[in-house]
Amino acid sequence: MRMPNMNGKYGESFRKNKFIEIQQFLAEIGYKLHETEYVNNRTPMSVECNNNHIYPATWDNLRQGKLCRECYLTKVQTPVVIRKQEKQTRKKMSQEQKYEVFETAVEAEGYVLHPGEYVNNQTKFDVTCPEDHTYPTTWNRWQSGQRCRECFEKRVRKSTEDIAAELAAEGCELIGEYNGSNKRFKYKCVCGTLAYGRIKDFRNGVRCKFCAGEKTRETNRLKRLEKLKQYDLEHPEEVQV
-15 MRMPNMNGKY GESFRKNKFI EIQQFLAEIG YKLHETEYVN NRTPMSVECN
35 NNHIYPATWD NLRQGKLCRE CYLTKVQTPV VIRKQEKQTR KKMSQEQKYE
85 VFETAVEAEG YVLHPGEYVN NQTKFDVTCP EDHTYPTTWN RWQSGQRCRE
135 CFEKRVRKST EDIAAELAAE GCELIGEYNG SNKRFKYKCV CGTLAYGRIK
185 DFRNGVRCKF CAGEKTRETN RLKRLEKLKQ YDLEHPEEVQ V
């Protein structure tokens, strides 16, 4: 193993041969050496890479494969930057495409989707139905089948005669007009009390306050009877014959 002299330099012959070796090594990978002599393996040398980046490098670093750092960073960072840009582009394109899908679906049913920026399936857009009713909705709601509520209520709303017949079957009498499932109507209960209620509550057995009180009292009476029966079963010796 050759050792450098007191000045840190190897012999002239060795340094000359090493210099040629380094030049050949760099030439094979497209690099250039901007030096006139080789000192030792730890002395920085001016090197130019195949992308024209000039930087200092030692022979130790070069033979270990440590080449141009600028090229390395570009090689590593570029895919990350490109992927990020592509992701943003895909996201933007995806949002535009989803808006178009939303618009196509709405128009297929005769509705009109008002312009807006699509962010996600919860983004609210105004839509106008074929009956010219405008209301807010989202792509999520549209996909779940929710359409114009005003049209829905108009379509399913029963007539006053239908509701009057339904109440009469329960012994009650409709007073006035029926204006939809969410509107309270006036009626005479089977007990003769005037009351107000909604059709869905009526169908669930809800009647006037007087009947509700009677129902509660009857329920409490039956509970008391049940407790007495249970007590008699548990204490038969106390039952008088």
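The letter at position 214 of the sequence shown is residue 198 when you use the numbering used here, and the numbering goes up by one with no holes. Even glycine gets a Cβ: it sits at the ideal position worked out from N, Cα and C. Bear in mind that the values here come from a model prediction, so they are computed numbers and not experimental data.
- For the set His18, Tyr22 and Lys16, the Cα lying nearest the Cα of asparagine 1 is the one of Tyr22.
- Residue range -4 to 12 is occupied by the alpha helix (DSSP H) that includes serine -3.
- Under the three-state reduction of DSSP output, glycine 197 falls in the helix class.
- Secondary structure of tyrosine 56 (DSSP, three-state): helix.
- CA-to-CA, the gap between serine 143 and cysteine 156 works out to about 17 Å.
- A residue is called buried once 16 or more other Cβ atoms fall within 10 Å of its Cβ, and isoleucine 38, having fewer, is exposed.
- Rounded to the nearest whole angstrom, the CA to CA distance from glutamate 80 to glutamine 72 is 12 Å.
- Taken through DSSP and simplified to helix, strand or coil, alanine 152 comes out as helix.
- CA-CA distance, tyrosine 83 to threonine 122, rounds to 11 Å.
- Residue state for proline 28 is assigned as coil, using DSSP reduced to three classes.
- The residue from Val174, Tyr119 and Phe86 with its alpha-carbon nearest to that of valine 103 is Phe86.
- Comparing alpha carbon positions, the residue from Lys108, Ile159 and Tyr180 closest to lysine 193 is Tyr180.
- Distance between glutamate 91 and cysteine 52, taken at the CA atoms: about 58 Å.
- A check of alpha carbon separations from cysteine 135 across Gly164, Ala148 and Asp146 identifies Gly164 as the nearest.
- Contact check for proline 114 and tyrosine 95: beta-carbon distance about 7 Å, within the 8 Å limit, so the pair qualifies.
- Taking arginine 26 as reference, the option from Thr20, Thr42, Glu19 and Asn36 with the minimal CA-CA separation is Thr42.
- The alpha-carbon separation between lysine 167 and lysine 68 amounts to approximately 54 Å.
- For valine 190, the three-state secondary structure derived from DSSP is coil.
- The Cβ atoms of cysteine 175 and arginine 191 lie closer than 9 Å to each other.
- Counting along the chain, the unbroken beta strand (DSSP E) around leucine 158 starts and ends at 157 to 159.
- As the crow flies, the alpha-carbon of lysine 138 is around 24 Å from that of alanine 152.
- Less than 9 Å separates the beta-carbon of glutamate 32 from that of lysine 16.
- Taking the Cα of arginine 47 as reference, the smallest distance to any Cα among Phe9, Tyr56, Glu154 and Asn24 is reached at Phe9.
- Taking a C-beta distance under 9 Å as the contact criterion, glutamate 19 and serine 30 qualify as a contact pair.
- Under a 10 Å Cβ-count criterion, tyrosine 56 is classified as exposed, with fewer than 16 other Cβ atoms of the shown protein chains found around its own Cβ.
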